[in-house]
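Worksheet: one structure, shown below.
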Amino acid sequence: MNNLQVSSIIAGVFFGLWPLLLNKSGLNGNVASVIFSGIGFICIALVAFTIGNMTVPAHTNWWLAIGAGAASAIGVLLFNGVLAKASPLNIGTLFVLMLVIQIAVPAIYQVIVSGSLSITKGLGFALAAVTAVLLLKG
0 MNNLQVSSII AGVFFGLWPL LLNKSGLNGN VASVIFSGIG FICIALVAFT IGNMTVPAHT
60 NWWLAIGAGA ASAIGVLLFN GVLAKASPLN IGTLFVLMLV IQIAVPAIYQ VIVSGSLSIT
120 KGLGFALAAV TAVLLLKG
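Numbering follows numbering that gives the first Met the number 0, in which position 77 of the sequence shown is assigned residue number 76; successive positions increment by one, without gaps.
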């Protein structure tokens with residue numbers, strides 16, 4: 000296993016953990032979003048300024064960076080609203096449903112960019128749709 004794979008696995012653990020912790024916090028969605036984002040900003044800034052490379056490439060597309068930040072903010076606000084209202088019994092289903100859609104978005108992007116839809120990718124999309132339907136019925 001290479002460093003990128005190990006980092007992805009560790010990131011997955013933390014991305015899987017934070018919604019469960021926030022769900023148990025008792026905060027409403029907007030307050031949870033502010034606290035989550037504020038603490039995240041502080042932690043990221045500390046690491047970035049301490050050990051990170053803070054140079055900005057000359058070819059940076061700032062509109063795409065702003066769009067990414069806005070998409071992230073909207074996602075955090077919506078998902079934290081879900082976390083605040085979800086019961087411990089249905090948080091897992093809602094979380095997995097969000098992940099199925101989150102996985103499908105870059106997969107669809109890859110199909111659009113590559114211009115080809117293979118049988119395995121088509122089957123993957125079909126199974127993701129089945130997964131989402133089964134989760135909503137459960």
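Cβ atoms here follow ideal geometry from the backbone N, Cα and C, with glycine treated the same way.
Cutting at 8 Å between CB atoms, please list the residues of its own chain near PHE78, excluding the five before and the five after it. In its chain, beyond the 5 residues on either side, PRO18 and MET97 have a beta carbon closer than 8 Å to the beta carbon of PHE78.
Starting from ALA131 and walking both ways along the alpha helix (DSSP H), at which residues does that stretch end? 118-136
Cα-Cα separation, LEU88 to GLY114: Rounded to whole angstroms, LEU88 to GLY114 spans 41 Å at the Cα level.
Any 3 or more C-beta pairs closer than 8 Å across the stretch 94-108 and the stretch 128-136: Yes, since at least three Cβ pairs between the stretch 94-108 and the stretch 128-136 fall closer than 8 Å, the two stretches touch.
Whole angstroms is fine: what's the gap from SER86's alpha carbon to LEU45's? Straight-line spacing of the CA atoms in SER86 and LEU45 works out to 34 Å.
Relative to the alpha-carbon of ILE73, which residue among GLY121, LYS136, TRP62 and ASN29 has its alpha-carbon at the smallest distance? ASN29
Contact under 9 Å by Cβ, VAL75 with SER36: Yes. Within cutoff.
Drop a sphere of 10 angstroms on the beta-carbon of SER32, count the other beta-carbons inside from all chains shown, and report buried for 16 or more, exposed for fewer. buried
Beta-carbon proximity of ASN22 to ALA103, cut-off 9 Å: no
Is the beta carbon of VAL99 closer than 9 Å to that of LEU134? yes
Our contact map puts ILE34 next to LEU26 with C-beta atoms below 8 Å; I'd like the distance itself, whole angstroms only. 7 Å
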